[in-house]
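Chemist: Taking my numbering, I'd label the letters of the sequence shown as residues 3 to 377.
Quick one: the structure is below, questions incoming.
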Amino acid sequence: MSNKIFSISSAFVLGASFAVADVPKVAVDIAPVHSLVSKVMNGLGKPNLIIPAEASPHEYQLRPSEAKALQEAKLVFWIGEDLTPWLEKGLSTLAKDATITTLLKADGIELLDFREGALFEAHDHSDHDDHDDHDDHDDHDHDKHKKKDDHDDHDDHDDHDHGKHNKKDDHDDHDDHDDHDHGKHKKKDDHDDHDDHAGHEGHDHGEHDPHAWLSPGIAKVWLNLIAAKLSEVDPSNASTYFSNASSANKDLDSLSDEINKILDPIRKEKFVVFHDAYQYFEKHFNISASGAISLGDASDPSPARLKEIKERVEKEDIHCVLAEPQYNEGLVKAVIEGTHANNAVIDPLGVSLEIGPNLYDKLIRNLAINLSNCF
């Protein structure tokens, strides 16, 4: 009898180990995407994070363990080269056998262009587009960006180079961005302040604003896409992937309701952000930043731009200027000095949060809470 029990137990353990082994290895670029993929894989496996939350996604030199994770991955989810131009060639070499999904190319989302200049035009607050799922992009006036079929994602990082960086050899790319040191600013001479208004010079980004993960509506689209991609390579667990995605989508609806209540008292208040990374969040929750201290998060603002922002803060009696944990807090202090403005820290990447399925919701909630508390 005991031998039979042992055999049954052994078979159960062995079967469980095979089930775990069947779950595909997955690699993702940044912590918020890692969180979304973790939600979909919950109970089956965990994805590998390639870029630590405290590092700048715009440039990063992969460690051996991260390169190995890409080499072993069967699936890779990344925002796209608009956020991580240096990673494009790495994916084509290290992850050449993986199915690569570029989330910015997902059907059902609208990509936004970068806003030019230090000062922004206000959005129309006539109604909320808060929980219209991914349909929240329908009422925006930006140029529409037609998406490709995401089933060709493993090739799509090779087929568009317009407006993009001129690439160097794989991991030497971070040398192109000497003003960054894994998320920290190195100060430059910013006498070319007119560049802030000419095209997108000063950005180390690509053609579109890549910070789309800050819209829960877009995150919902991505959750369904992630479930579909996982199910293609792991059909035996498809029901779990889609069930997890459905549950996560409902959670994001509840999160949006919660955040709208947090933001309602300050919805028409004016605020300034450190760099222009929040317009997807602004659009989803129908709020508007008045300007950004820095055009991009890979370069310091010019003295002229700082002066322009400070003048708006003073003239329009703006009460909130937002900093970020990775960047020069002294620039924010320079803007609010002698004004009535408060400052607070908001984090678009989850620097201080625990990596995992709960990070995304905490990230979005903290944005709203810290913005509200700033007033």
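C-beta atoms are modelled at their ideal positions from N, C-alpha and C, and glycine is treated no differently.
#1: Could you check the C-alpha separation between residue 218 and residue 286 for me, to the nearest Å?
#2: Along the beta strand (DSSP E) that carries residue 80, what are the first and last residues, could you check?
#3: Shorter than 7 Å, the distance from the beta carbon of residue 291 to the closest heavy atom of the ligand GTP, or not?
#4: Give, in chain order, every unbroken run of the alpha helix (DSSP H) that is at least 4 residues long and sits entirely within the region 283-357.
#5: Considering just the uninterrupted stretch of the alpha helix (DSSP H) at residue 244, what are its terminal residues?
#6: Let me confirm a value: residue 241 is counted as buried when at least 16 other C-beta atoms fall within 10 Å, else exposed. Which label applies?
#7: If you count every other CB in all the chains shown that lies within 10 Å of the CB of residue 256, and 16 or more means buried, which is it?
#8: With contact counted as at least three CB pairs below 8 Å, one residue from each stretch, are the region 87-96 and the region 211-228 in contact?
#9: What is the DSSP secondary structure of residue 277, reduced to helix, strand or coil?
#10: State whether the region 58-65 contacts the region 37-44, with contact taken as three or more CB pairs (one from each stretch) at a distance under 8 Å.
#11: As a quick exercise: from 250, 248, 47, 276, pick the residue whose alpha carbon is nearest that of residue 326.
#12: Can you list, in chain order, the residues of its chain with a C-beta nearer than 7 Å to that of residue 224? Leave out the 5 residues immediately preceding and following it.
#13: Give the secondary structure of residue 360 by DSSP, where H, G and I count as helix, E and B as strand, and everything else as coil.
#14: So what does DSSP say about residue 35, is it helix, strand or coil?
#15: What three-state label does DSSP hand residue 42 in the structure shown?
#16: Which residues mark the beginning and the end of the beta strand (DSSP E) in which residue 28 is found?
#17: Tell me the rounded alpha-carbon separation between residue 43 and residue 25.
#18: Let's see if you can read the secondary structure: which residues bound the alpha helix (DSSP H) around residue 228?
#19: Name the DSSP beta bridge partners of residue 121, please?
Modeler: In short, the structure shows the following:
#1: When rounded, the distance between both Cα atoms is 7 Å.
#2: Per DSSP, residue 80 belongs to the beta strand (DSSP E) from 77-80.
#3: Looking for the ligand GTP in the displayed structure turns up nothing, as the structure carries no ligands at all.
#4: Runs of the alpha helix (DSSP H) inside the region 283-357: 305-317, 331-338.
#5: That run of the alpha helix (DSSP H) goes 240-265.
#6: So residue 241 counts as exposed.
#7: Answer is exposed; the Cβ neighbour count stays below 16.
#8: Touching, no, given that fewer than three Cβ pairs across the two stretches are closer than 8 Å.
#9: Of the three classes helix, strand and coil, the one that applies to residue 277 here is strand, per DSSP.
#10: Contact between the region 58-65 and the region 37-44 is absent, because fewer than three Cβ pairs lie under 8 Å.
#11: Ranking 250, 248, 47, 276 by Cα distance to residue 326 puts 276 first.
#12: Counting only Cβ-Cβ distances below 7 Å, and skipping sequence neighbours, we find 38, 105, 108.
#13: Residue state, collapsed to three classes: coil.
#14: Helix, per DSSP.
#15: Reduced to three states, the DSSP call for residue 42 is helix.
#16: First-last of the beta strand (DSSP E) with residue 28: 28-30.
#17: Roughly 9 Å separates the two Cα atoms.
#18: Looking at the DSSP string, the run of the alpha helix (DSSP H) that includes residue 228 is 218-235.
#19: According to DSSP, residue 121 bridges with 293.
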